[in-house]
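In what follows, a structure is listed as structure tokens, so that the remarks can point back to it.
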Amino acid sequence: MTSTLSLERVTANDIALVGGKTVALAELAKRGYLVPLSLAITCDAYSHYLKQSGLGDLLSMELGRKAFPQMRWEELWDAALRIRNLFLTTPFPKALEAELDEALTATFSDQPLVIRSSAPGEDSASCSFAGLHDSFVNVHKRPEQLLAVRKVWASLWSDRALLYRQELGLDIDSSIAVLVQELVDGEKSGVAFSVAPGDSRQLAIEAVWGLNQGLVDGSVEPDCWTIDRQSQTILAYRPARREKKLVTAGSALQIIATTSAEENSPVLMSDQVMTVSRTAMQLEQTFKRPQDCEWTWKEGEFTLLQARPITASREADPRSWYFNLHRSLDNLKQLQRRIEEEIIPGMEETAQQLAEIDLTSMADQELIKEFNRRRQILNEWEEAYRADCIPMAHGIRLFGEFYNDRLQPNDPFEFIELLRDSELRAVTRNQRLTSLADEITNLSELPAALSEKLSTLADEIGLSADQTRKLLGQMVDSAAPPRQTKRIDLEKNYLEQFKGHDLPPAEEILAIGRSSYKLRDDDNISLDQLNRELRRTETEMQSRLEKGDAEIFRLALDAAKGRDGRVSSATQAQPNEESGNFHARQLQGQPASPGLVTAVARVIRSQEDLVEFKRGEILVCDAIDPAMTFVVPLAAGIIERRGGMLIHGAIIAREYGIPCVSGIAAAADIINTGDQITLDGYLGLVFFPSSSGRLSRPGKDHLLRKELDDAK
Amino acid sequence: MHGLQHLIAELLNNQSLGVLATSAAGHPYTTLVGFAATDDLREILFATHRSTRKFANLNGDERVSLLIDNRTNRADDFRRAAALTAIGTAQEVGAERRDGSRSLFLEKHPMLKEFVNSPGCALCRIKVKRYSLVQRFQDVMELDLDDLDPVP
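Heads up: the sequence lines are chains F and G, in that order.
The first sequence begins at 21 in the working numbering and counts up one residue at a time.
The second sequence begins at 30 in the working numbering and counts up one residue at a time.
And the structure:
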């Protein structure tokens, strides 16, 4: 086995062994370009690690849980998090570790390093994984450097890499090499595209003060030049504000303010622009196709960091979406502010205004106008929800990765305990319902004050007062969610890991994680109020329509209906081909909240199903909707179609300590109300007795389906 | 053909051997047998000597199950292999159907010609009542072929 290879020994035939990035760099070195001192850790080393440690088998178990193309993005998130933790907690085989240590020492002695991915197929002309796999810059000390190698390996299975491969239909089997380089701590750095995106006659250069990483990850805005390829003249220059730069700080990277000299002058002088431009053209000639390269300038020396082919279809590059999967802390803080200060209050205020409008006194035409206005309002808020509220969930991930990197816990989802928050709006509302249930339990006539309370709560959950009262009968003596003692210990342990300057960012990331966890549920409740206001108009129109004197309502309602016959944007369930004599005996989904329970199922498709819910039943649904969360405290377990630890059902189930299995495709079609089923929330399994689990014909509508999160 | 049915047919066609479970006095007994299935999936044929223990067991209790799988003896079998259990009853093929059944069986196992044609050999057919298909270690789907008799 060749576990490492110095750059001089790498040949053009070694792509499968060391990846295209390393082969290209070796070629540059041979042609006399200055490149950083480098060492390749081969794909063989990766395979050896997987085999010797048994991790390869665990990977195949993890990724084989469901057919790869059918995994939803939340499920890939979870799988990626579990896989990353496996890499973090599985040590190198002793002999391999010694071999890598020796090779690194022989090449670099003890200088700080850059640890990059170099996967075969990573940068082919047809698809580019550039940036999808991780790189670590300025890594000090051997143990951290070796850990960074495993983190780069793990990034082959990151959620964005998996999603990208899923999108391109690439096979899930892949390998990865690592390129280890000396850190060139340049004063200015940048990228160049020998063919500019959007215009094949031009060449593009971007440059920043400090390290390139700031440009590549988008945290530092670059100066930009456009060059005419043929005449090698500058066609355009767009300066940035140049207020900050990324630099090394001890064993970390830091964004700092630029000096006033840096702020006031272009990053590159025009002769330097020409050096970069000529180099980009030469690279294109060398490799016989357009190239994108990264470079840096240190003490007057121009160093090429890497070169790779420009992806054929860069303009239609789907990676942008995958990059959006990982939001920076700054971005999440902005989202948090927008959601807390603008979106939720905005939804609430709008719903309040709509609720105050007396629809019954409106003329017919006026009512139709109001109906359309409300659809428009709802659409706008749904858009805001998609744009800001859904991405906010990435705060949970950000904290999770941060936590796992530092603590390397055995349970990769341990961090969720720290995020749990009994102040979720759904939980608070449930407590109000329970206390009202206790107050009215033995009363046949309700005094005016309680009656008022009942109708307010009924309004909030979208049921009639009678329906709500029936439900409250089930809720007497419901327990509040258990208090978190474990959380306090975990929080203390977490914070103890950080000292001095490291502590404030650690606290900040925890705060963002918590806020993200809470908002994930809270924003739904606000959106639901707007939905209800639309339904109120619809109901009024229906009632006039039934009186038979206003055919115009039929036209307006029909025009607003989607394919499913509903006035909203819900999409149809996937047609279910499994029918006839087949039935499920046992199905696996995702473990979403631990626990084991056998009970009778109640499938929730409509408000009426909710009213019928009995304490101790298993709630089966397509997706937990804000309109459903009030029955959760009654449930013995939850099964839902959508998968993942971060879906609402999982969050609320964990809050109440109720077992939950998610990601059971067609859950609400396979399971019938009344079926006795067993749910294993530890392993993510559902067991059916032979008399149930029969697959029903498709077409049953899920009136309470929550669709917005289904959108990418 | 239905997706799962297709997978069942594929396993029955591609695999040569299965593990047959018979029982005697409530005690299970498993053996490896070569088999061939009819296109409608309702019957599975296997051949055994009349003096074997499994044949004796069948005379006492005709209820059987047969396990057919595509494992490769590697760790990723847990996720990639599919296992099919056919549950039903087995009897020796009657004289009126023997020729047809024999040629179906020998089409798949031509090297067993001498064995199947020898007088001591009994060609048996399993009348399948239910298939149980396990994929990805934990997904279990069942296909009932007849109106349900009580099956375990």
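Built from N, CA and C at the ideal position, the CB exists for glycine as well.
What does a CB cutoff of less than 8 Å around residue i pick up in its chain, not counting 5 residues either side in sequence?
{"i": "Met294(F)", "result": "Gln252"}
{"i": "Gly669(F)", "result": "Ala612, Cys641, Ala643, Ile644, Ile658, Glu660, Arg662, Cys680 and Ser682"}
{"i": "Glu637(F)", "result": "Ala619, Val620, Ala621, Arg622, Leu654, Ala655 and Ala656"}
{"i": "Glu437(F)", "result": "Gln504, Lys506, Arg507 and Leu510"}
{"i": "Tyr58(G)", "result": "Ala50, Thr51, Ser52, Arg82, Lys83 and Asn86"}
{"i": "Cys150(G)", "result": "Ala76, Thr77, His78, Arg79 and Phe144"}
{"i": "Ser178(F)", "result": "Ala100, Arg104, Leu152, His153 and Asp154"}
Please report the straight-line C-alpha distance between residue i and residue j, rounded to a whole angstrom.
{"i": "Ile624(F)", "j": "Phe166(G)", "result": "29 Å"}
{"i": "Leu177(G)", "j": "Lys512(F)", "result": "Confidence is the limiting factor: at Leu177(G) the pLDDT is only 41, short of 50, which leaves the residue's position unreliable and the question unanswerable from this model."}
{"i": "Thr693(F)", "j": "Arg622(F)", "result": "4 Å"}
{"i": "Ser535(F)", "j": "Ser484(F)", "result": "33 Å"}
{"i": "Leu355(F)", "j": "Ile35(F)", "result": "42 Å"}
{"i": "Arg79(G)", "j": "Asp69(G)", "result": "28 Å"}
{"i": "Leu398(F)", "j": "Ile410(F)", "result": "16 Å"}
{"i": "Arg417(F)", "j": "Ser563(F)", "result": "47 Å"}
{"i": "Ile481(F)", "j": "Asp548(F)", "result": "9 Å"}
{"i": "Tyr514(F)", "j": "Tyr423(F)", "result": "8 Å"}
{"i": "Gln627(F)", "j": "Leu554(F)", "result": "16 Å"}
{"i": "Leu174(G)", "j": "Ser194(F)", "result": "41 Å"}
{"i": "Arg221(F)", "j": "Tyr184(F)", "result": "30 Å"}
{"i": "Arg339(F)", "j": "Leu48(F)", "result": "With a pLDDT of 42 at Arg339(F), under the threshold of 50, the predicted position of this residue should be treated as unreliable, though the coordinate-derived value follows. So the alpha carbons of these two residues sit roughly 27 Å apart."}
{"i": "Leu33(G)", "j": "Ser132(G)", "result": "27 Å"}
{"i": "Leu223(F)", "j": "Pro310(F)", "result": "10 Å"}
{"i": "Arg754(F)", "j": "Ala413(F)", "result": "Since the displayed chain F opens at 21 and closes at 732, residue 754(F) lies outside it and no answer follows."}
Relative to the C-alpha of residue i, which candidate in the options has its C-alpha closest?
{"i": "Asp168(G)", "options": "Ala685(F), Gln696(F), Tyr702(F) and Asp695(F)", "result": "Ala685(F)"}
{"i": "Asp522(F)", "options": "Gly270(F), Asp408(F), Thr22(F) and Asp548(F)", "result": "Gly270(F)"}
{"i": "Val236(F)", "options": "Gly677(F), Glu187(F), Ser155(F) and Thr306(F)", "result": "Ser155(F)"}
{"i": "Thr649(F)", "options": "Asp541(F), Asp431(F) and Trp317(F)", "result": "Asp541(F)"}
{"i": "Leu78(F)", "options": "Thr110(F), Ile377(F), Ile61(F) and Asp64(F)", "result": "Thr110(F)"}
{"i": "Ile658(F)", "options": "Asp629(F), Ile690(F) and Asp700(F)", "result": "Asp700(F)"}
{"i": "Gly84(F)", "options": "Ala76(G), Ala104(G) and Val122(G)", "result": "Ala104(G)"}
{"i": "Ser80(F)", "options": "Phe84(G), Glu91(G) and Asp106(G)", "result": "Asp106(G)"}
{"i": "Tyr53(F)", "options": "Gln222(F), Lys265(F) and Thr299(F)", "result": "Thr299(F)"}
{"i": "His160(F)", "options": "Leu183(F), Val134(F) and Pro140(F)", "result": "Val134(F)"}
{"i": "Ser546(F)", "options": "Thr559(F), Ser455(F), Ala446(F) and Thr454(F)", "result": "Ala446(F)"}
{"i": "Ala404(F)", "options": "Pro432(F), Arg102(F) and Glu362(F)", "result": "Glu362(F)"}
{"i": "Glu202(F)", "options": "Lys473(F), Arg104(F) and Asp130(F)", "result": "Asp130(F)"}
{"i": "Arg674(F)", "options": "Arg440(F), Gln250(F), Ser178(F) and Gly493(F)", "result": "Arg440(F)"}
{"i": "Ala580(F)", "options": "Ala139(F), Ser297(F), Phe602(F) and Thr557(F)", "result": "Thr557(F)"}
{"i": "Glu314(F)", "options": "Ala212(F), Lys519(F) and Phe435(F)", "result": "Ala212(F)"}
{"i": "Gly141(F)", "options": "Pro89(F), Gly39(F) and Leu124(F)", "result": "Gly39(F)"}
{"i": "Phe435(F)", "options": "Val496(F), Trp97(F) and Gly420(F)", "result": "Gly420(F)"}
Locate the beta strand (DSSP E) running through residue i, then write down its first and last residues.
{"i": "Ser52(G)", "result": "Leu46 to Ala53"}
{"i": "Ile659(F)", "result": "Gly657 to Glu660"}
{"i": "Lys265(F)", "result": "Lys264 to Ala269"}
{"i": "Cys409(F)", "result": "Premise fails: Cys409(F) is in no beta strand (DSSP E) and is neither H nor E."}
{"i": "Tyr257(F)", "result": "Ile254 to Arg258"}
{"i": "Thr24(F)", "result": "Thr24 to Ser26"}
{"i": "Tyr160(G)", "result": "Cys150 to Gln164"}
{"i": "Leu616(F)", "result": "Leu616 to Val623"}
{"i": "Glu516(F)", "result": "First-last for Glu516(F): Lys506 to Glu516, but that is the alpha helix (DSSP H), not the beta strand (DSSP E)."}
At what residues does the alpha helix (DSSP H) containing residue i begin and finish?
{"i": "Lys137(G)", "result": "Arg127 to Lys137"}
{"i": "Met301(F)", "result": "Ser290 to Phe307"}
{"i": "Phe602(F)", "result": "No alpha helix (DSSP H) holds Phe602(F); the beta strand (DSSP E) holding it covers Phe602 to Gln608."}
{"i": "Gly206(F)", "result": "Taken as a continuous stretch (DSSP letters only), Gly206(F) belongs to no alpha helix (DSSP H), as it is neither H nor E."}
{"i": "Leu374(F)", "result": "Ile364 to Ala375"}
{"i": "Asn197(G)", "result": "Beyond the ends of chain G as shown, which are 30 and 181, falls residue 197(G); an answer cannot be given."}
Cutting at 7 Å between CB atoms, please list the residues of its own chain near residue i, excluding the five before and the five after it.
{"i": "Ser26(F)", "result": "Leu59 and Thr127"}
{"i": "Arg127(G)", "result": "Leu152"}
{"i": "Ser175(F)", "result": "Ser137, His153, Asp154 and Ala181"}
With a CB to CB cut of under 6 Å and the five nearest residues on each side skipped, what residues in its chain are close to residue i?
{"i": "Leu607(F)", "result": "Ile684 and Val706"}
{"i": "Ala204(F)", "result": "Looking at the sequence itself, residue 204(F) is Val, so the reference to Ala does not match. Counting only Cβ-Cβ distances below 6 Å, and skipping sequence neighbours, we find Pro56, Thr316, Lys318 and Thr323."}
{"i": "Ala593(F)", "result": "The predicted position of Ala593(F) is uncertain, since its pLDDT is 34 and thus under 50; no value can be drawn from it."}
- In chain order, what residues of the stretch 86 to 114 of chain G put their CB closer than 7 Å to some CB of chain F? Those would be Ala104, Asp105, Phe107, Arg108 and Arg109, in chain order.
- Task: Check distances from the C-beta atoms of the stretch 44 to 74 of chain G to those of chain F and list, in chain order, the residues that come in under 8 Å.
- Result: Going along the stretch 44 to 74 of chain G in chain order, one finds no residue with a Cβ nearer than 8 Å to chain F.
- Contact list for the stretch 65 to 84 of chain F against chain G, Cβ threshold 7 Å: Taking 7 Å as the upper bound on Cβ-Cβ separation, chain G lies near residues Asp77, Ser80, Met81 and Gly84 of the stretch 65 to 84 of chain F.
- Item | Contacting positions in the stretch 607 to 626 of chain F - beta carbon closer than 7 Å to chain G | Within the stretch 607 to 626 of chain F, the qualifying residues are Leu607 and Gln608.
- Item | chain G contacts from the stretch 291 to 317 of chain F (Cβ-Cβ distance under 9 Å) | Shown here is that no member of the stretch 291 to 317 of chain F has a Cβ falling below 9 Å from a Cβ of chain G.
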